[in-house]
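Beneath this line is the structure, given in structure tokens, with notes to follow.
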Amino acid sequence: MKRSRRHTLYLKKGLTFAKAILGISTPHHEPQPIASTRHVQTDPLRPDSPGGLIDRAYDDHACAGKCPTGWKCCAGTEGCAPLNGDCCAWGDYCISGHKCRIWQGQKACCPSSGCPGERNSSTPTLSPHASSPGTATAVHSTSIDVKGSDGSGLSAGAITGIVVGVLAVTLVIVSFVFRKKLLRFVKRDPKRENTPSGTVHQVPELLAEDSSQYLSQSENSHSANYDRGTDPKTNSLMKAVRGGGWRTTLYIGSIISIFVLALNIAFTVWAAVHHQSADGNGVLFEGHCQTARNVNTGLHLVINVLATLLLGASNYGMQCLSAPTRKDLDRAHKDGRSLDIGVLSMRNLLQIPRRMFVLWIILAFTSLPFHLLYNSTIYLTLNSYEYVVLAGKESFSHFSVETLRQAYEDLPWMGEDALTFETLRRLELNGDFRRLEITDCIDKYEVDFQSAFSNVLLISEDVDPGNGIFAFVSRSDLYQTHKVNPWGWLCMSTNEIYCEPHLEKIREHSENLTVRGYHTSYTDIDTFRVDYCLAQEVPEKCRVEYSLSLLITIVIFNVIKAGVLWGTTLTTDNTPLLTIGDAIAEFLEQPESSTLTCDQWKFYQAPKMWHTVVSKRRWILYFLLYCGCITTSIGLLIYAFHSDKVGSWTAAMKMGLVIYFVSNGILTAMAQANEWSQYALSRKGLRVSAAPKGSQRSTYFLSLPYRYSVPFLAFSIIIHWLISESLFLIAVEVYSPSLSRVEVLDFKTCGYSPVGVVSTLAVGSFMVFCLTGMAWFRPFRSGIPIPGSSSLAISAACHPYPSDEASGQMQEVRGIGARKLQWGVIASRYHGVEHCSFSDQDVTLPVDQRFYK
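Using our numbering, the first residue of the sequence shown is number 6, and each one after it goes up by one.
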């Protein structure tokens with residue numbers, strides 16, 4: 006009762022500590038819009054402004070000298086706007102944490118949380134769709150943002166408080182869950198001897214002489230006791246770590262999880278302090294799109310390396326938790342049930358203690374979404390410019406302002422009042438238009454999201470100025486990109502909706518590229534052969550961003566994993582049977598009488614192939630999953646190449662991950678069986694998960710030799726990275742043809758890369774072919790019967806001295822598991838039938854097609 010009250014008090018203190026940290030905040034000061042002196046300049050190209058006046062700022066604020074060509078720095082708003090546009094109508098150019106709003110009847114860059122005096126009300130925000138350059142529509146929206154005192158997002162103190170609070174609460178919870186084990190660990194008596202249960206029968210006279218030397222060796226060395234109970238070598242953590250074995254590996258896994266946790270916390274705090282924005286996301290890089298893609302790819306490679314290391318540690322912890330002890334095996338064998346040894350088994354979960362089962366479930370459920378969430382913390386944001394396609398005989402600069410105004414009024418399909426022909430003329434004079442030959446024009450515009458170019462004028466000698474100096478050809482529309490190609494205007498001559506299948510042919514005959522354009526009505530259609538293109542160059546604004554909420558989620562998952570692994574390392578007193586070597590040593594020293602009476606079997610000398618150790622049901626599942634993944638992926642690729650739209654890749658990626666886990670199970674089972682088969686050829690020490698004694702050998706990483714585990718781990722990292730490059734989170738920010746932000750069209754979606762998908766399929770197929778080829782064309786070293794992972798079958802092969810037939814009691818020899826062993830026919834018989842078993846004495850090979858016990 007006192008301990009319960011003490012832990013309750015610790016829990017309350019931890020919660021109070023986290024609450025106190027989270028409550029730290031700086032005094033609130035409402036930021037005021039920046040004011041500066043406005044200067045007025047006359048612009049004759051601005052008909053909608055009285056007297057042709059526009060606002061022009063000449064000050065030393067943040068945007069001075071940083072606006073692009075043809076743009077102005079707006080006084081008092083710290084934002085850039087086109088020369089003929091209203092200041093602050095382009096809210097994207099306000100400083101970080103500010104948006105363009107209506108304040109005291111004027112447009113100004115106010116904090117995202119609201120203008121002064123309007124923080125508790127719904128502040129009208131300027132819509133990116135203005136009805137005219139001089140007017141704006143107020144849009145009221147309700148949103149919930151987590152912001153700091155400056156309106157720029159969570160403060161560094163809040164982020165630190167959240168992380169430290171989560172750590173404190175998790176530490177309290179873990180200590181509460183493991184309270185009994187921790188107390189037992191602290192109070193453990195190093196001098197206490199472990200008394201094995203049951204009675205040890207003396208070796209019969211006929212074997213006493215042969216076994217005396219081994220018994221004396223056993224008395225002078227540590228007893229190889231694998232019974233469930235307190236191991237003298239685990240009386241302290243450091244002794245266990247120095248002693249090696251499964252506890253050392255679990256300790257290393259705990260250190261790895263803490264190392265990854267430290268990196269995640271450090272990155273989260275650093276990003277929140279230096280790169281935090283108002284919506285809970287932050288920008289790690291902004292600039293050229295190809296550079297942004299390279300940064301994004303490199304970060305995801307690091308993420309997948311860390312995630313795979315953490316999942317590997319979790320997998321080891323899950324196997325330690327689900328591995329049975331001798332007590333669990335005795336209970337299961339008494340009911341005629343077999344448990345699995347050496348593999349991650351769902352069957353064992355019903356036989357292990359409830360506390361271990363709960364910890365296993367926690368590790369499993371925090372591992373399932375880990376890669377997906379971890380890879381989603383960093384994502385790419387693309388800028389997509391909508392554009393208008395026009396056709397003309399001459400460029401904009403060849404016409405006067407009045408002619409352009411009249412042509413604009415005669416062409417009602419522009420759909421953007423701010424994008425006038427006068428504006429395009431000014432941009433052309435400023436050098437923002439670039440001449441592209443037809444092939445280059447096709448290459449630059451055959452993309453879903455246009456990030457480097459905007460409006461394009463197709464120069465053609467076929468345009469008749471008598472019908473109008475310009476013809477409207479097309480306009481990209483992100484609302485329709487899921488149905489048709491945004492560059493469908495390139496394929497007008499083919500009369501096809503889906504353009505991509507015809508692009509190669511059009512590119513080969515680029516000199517004959519023709520488009521259709523409209524003059525004053527939809528019935529006034531002309532066809533023009535394109536000579537070249539004039540494309541408007543625009544700045545690329547691709548960004549690599551992070552999600553703060555997902556980073557905090559990853560930190561929480563990481564804390565849970567580290568806590569469970571560390572707690573398991575500290576408090577596990579039981580010695581699990583992780584490998585077949587552990588089980589052989591246990592059953593040799595304390596044999597089971599129930600498995601001595603197993604049915605006779607016929608020995609076949611010809612070795613079997615590796616695939617025979619895996620059940621047909623598992624192989625059928627394996628190939629069905631593989632064929633399903635290949636078929637689905639190829640089908641989606643064909644659909645993508647015809648429609649160029651992303652389908653649902655979730656099913657294909659999930660099947661790929663399932664194939665990875667099934668492959669891991671198959672490879673582990675075959676490697677374990679191969680290890681078993683070699684004991685019929687020569688005398689060897691057992692591979693055990695505990696600290697080796699005598700002739701024992703330390704185990705590989707679980708049951709996989711390094712020549713298999715290292716390549717498989719590398720394949721795992723590469724495949725997970727390729728999956729992250731095949732299916733990924735992507736954000737798109739949309740700009741209108743007049744380069745104003747269209748926030749209502751912004752979206753986040755799952756993007757895909759055909760190159761990534763093909764690479765994933767190629768690497769996955771190579772791994773499958775290697776595994777299948779090794780299984781079907783590689784034989785075992787001997788014809789020894791393979792028990793797989795069945796504990797009953799392993800027990801039946803471990804009766805080295807079944808001589809007391811009258812009493813039916815099995816003979817125990819202490820320390821036999823620490824010696825070199827070999828499988829074969831032993832000297833003793835059971836009911837007149839020769840017996841095969843592991844033994845430390847001389848054995849002979851079985852005779853082909855003879856019956857044995």
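We put the CB at the ideal spot given by N, CA and C, even for glycine.
Please read these numbers as outputs of a predicted model, since none were measured by experiment.
Out of Gly322, Arg360 and Leu718, state which residue places its alpha-carbon closest to the alpha-carbon of Leu350. Contrary to the premise, residue 350 reads as Ser rather than Leu in this sequence. Ranked by Cα distance from Ser350, the first of Gly322, Arg360 and Leu718 is Gly322.
Since Thr519 is in the beta strand (DSSP E), which residue starts that stretch and which ends it? Here the beta strand (DSSP E) through Thr519 covers Thr519 to Tyr523.
Checklist entry - From Lys398 to Glu433, what distance separates their C-alpha atoms? => result Answer to the nearest angstrom: the Cα atoms are 15 Å apart.
Rounded to the nearest angstrom, how far is the Cβ of Cys446 from that of Ala540, given a contact under 8 Å?
Correct: roughly 7 Å between the Cβ atoms.
Roughly how many angstroms separate the alpha carbons of Gly258 and Ser741, rounded to a whole number? Spanning the two alpha carbons is a distance of roughly 52 Å.
Open item on the list: Please state the DSSP three-state secondary structure of Tyr390.
Closed with: DSSP places Tyr390 in the strand class (E or B) of the three-state scheme.
**OP:** Below 6 Å CB to CB, which residues in the same chain sit around Ser800 once its five sequence neighbours on both sides are set aside?
**Re:** Hits under 6 Å: Phe592, Glu597 and Thr600.
* Is the Cβ-Cβ distance between Val468 and Ala412 less than 9 Å? -> Taking 9 Å as the Cβ cut-off, Val468 and Ala412 do not qualify as a contacting pair.
| task | Compute the Euclidean distance between the alpha carbons of Leu556 and Val768, then round it to the nearest angstrom. | result | Spanning the two alpha carbons is a distance of roughly 29 Å.
Worksheet item: What residues are listed by DSSP as bridge partners for Trp726?
Response: According to DSSP, which records beta bridges pairwise, Trp726 is partnered with nothing at all.
Problem - Which listed residue (Thr519, Asn517, Tyr390 and Val569) has its alpha carbon closest to that of Ser481 - result: Tyr390 is the residue among Thr519, Asn517, Tyr390 and Val569 whose C-alpha sits nearest the C-alpha of Ser481.
- [ ] Could you pull the start and end residues of the beta strand (DSSP E) that Gly287 belongs to?
- [x] Boundaries of the beta strand (DSSP E) around Gly287: Asn286 to Gly292.
Identify which residue in Phe290, Ile735 and Ile585 has its Cα closest to the Cα of Asp751.
Distances from the alpha-carbon of Asp751 to those of Phe290, Ile735 and Ile585 put Ile735 closest.
*Of the residues Ser456, Ile474 and Leu344, which one's Cα is nearest the Cα of Val406?*
Of the listed residues, the one whose Cα sits closest to Val406 is Ile474.
* To do: Would you kindly report the start and end of the unbroken beta strand (DSSP E) that includes Glu594?
  => For Glu594, there is no enclosing beta strand (DSSP E); the residue is found in the alpha helix (DSSP H) stretching over Ile585 to Glu594.
Q) Can the beta-carbon of Glu680 be found closer than 9 Å to that of Arg692? A) Less than 9 Å divides the Cβ of Glu680 from the Cβ of Arg692.
- Tell me Arg692's beta-bridge partners as DSSP assigns them. Per the DSSP secondary-structure output, Arg692 pairs in a beta bridge with Arg702.
Quiz item: Is Glu545 helix, strand or coil by DSSP?
Solution: In the structure shown, Glu545 sits in coil (DSSP, three-state: anything other than H, G, I, E or B).
Rounded to whole angstroms, how far is the Cβ of Leu727 from the Cβ of Ser764, which I believe are closer than 8 Å? Indeed they touch by this definition, with Cβ atoms about 5 Å apart.
Can you check whether the CB of Gly292 is closer than 9 Å to the CB of Glu550? Cβ atoms of Glu550 and Gly292: not closer than 9 Å.
**Asked** Excluding sequence positions up to five away, which residues of its chain have a Cβ less than 8 Å from the Cβ of Met614?
**Response** Within the same chain, and ignoring the five residues on either side of Met614 in sequence, the residues whose Cβ sits closer than 8 Å to its Cβ are Ala780, Trp781, Phe782, Arg783, Pro784 and Phe785.
- Rounded C-alpha distance that separates Thr655 from Ile724: In this predicted model, Thr655 has a pLDDT of only 47, less than 50, meaning its place in the structure is not dependable; the value taken from the coordinates is given anyway. Near 15 Å, if we compare the C-alpha coordinates of Ile724 and Thr655.
| Quick check: the stretch 513 to 527 against the stretch 348 to 365, are there 3 or more CB pairs under 8 Å? | Fewer than three pairs of CB atoms, one per stretch, sit closer than 8 Å, so the stretch 513 to 527 makes no contact with the stretch 348 to 365.
| So what does DSSP say about Cys632, is it helix, strand or coil? | The answer is helix: DSSP assigns Cys632 an H, G or I state.
Practice problem: Have a look at Leu255, Gly829 and Gly285 and flag the residue whose alpha-carbon is nearest the alpha-carbon of Ser552. | Solution: The shortest C-alpha separation from Ser552 is found at Gly285.
task: Name, in chain order, the residues that DSSP records as bridge partners for Met614.
output: Within the DSSP secondary-structure output, Met614 pairs in a beta bridge with Pro784.
Q. Taking C-alpha atoms, which residue in Thr584, Ala297 and Val569 lies nearest to Ile367?
A. Nearest C-alpha to Ile367: Val569.
Taking all protein chains shown into account, decide if Thr147 is buried (16 or more other Cβ within 10 angstroms of its Cβ) or exposed. Because the pLDDT of Thr147 is 28, which lies under 50, any placement of that residue in the model is unreliable, and the question is left without a value.
Inset, instruction - Starting from Ser842, follow its DSSP beta bridges and name the residues at the other end. - result: In the DSSP assignment, Ser842 forms a beta bridge with Gly829.
| query | Can at least three beta-carbon pairs, one atom from the stretch 328 to 345 and one from the stretch 747 to 762, be found at a separation below 8 Å? | reply | The count of Cβ pairs closer than 8 Å, one atom from the stretch 328 to 345 and one from the stretch 747 to 762, stays below three, leaving the stretches out of contact.
Let me check one thing: in DSSP terms, what residues is Thr849 bridge-paired to?
Secondary-structure assignment with DSSP links Thr849 through a beta bridge to Val830.
- [ ] Kindly list the residues whose CB is nearer than 6 Å to the CB of Leu424, restricted to its own chain and excluding five residues on each side of it in sequence; keep chain order.
- [x] Answer for Leu424: Pro742 and Ser743, listed in chain order.
Considering only residues of the stretch 336 to 401, which uninterrupted alpha helix (DSSP H) runs meet the minimum length of 4 residues and lie entirely inside it, listed in chain order? Runs found: 359 to 372 and 375 to 381.
- [ ] Leaving aside the five residues before and after Tyr609 along the sequence, list all residues of the same chain whose C-beta is less than 7 Å from its C-beta, in chain order.
- [x] Excluding residues within five positions, the ones whose Cβ falls inside 7 Å are Gly788, Asp853 and Gln854.
Can you have a look at Thr584 and say buried or exposed, based on whether 16 or more other CB atoms are within 10 angstroms of its CB?
Burial call: buried.
Our contact map puts Ser694 next to Ile791 with C-beta atoms below 8 Å; I'd like the distance itself, whole angstroms only. The pair is not a contact, with the Cβ atoms about 21 Å apart (cut-off 8 Å).
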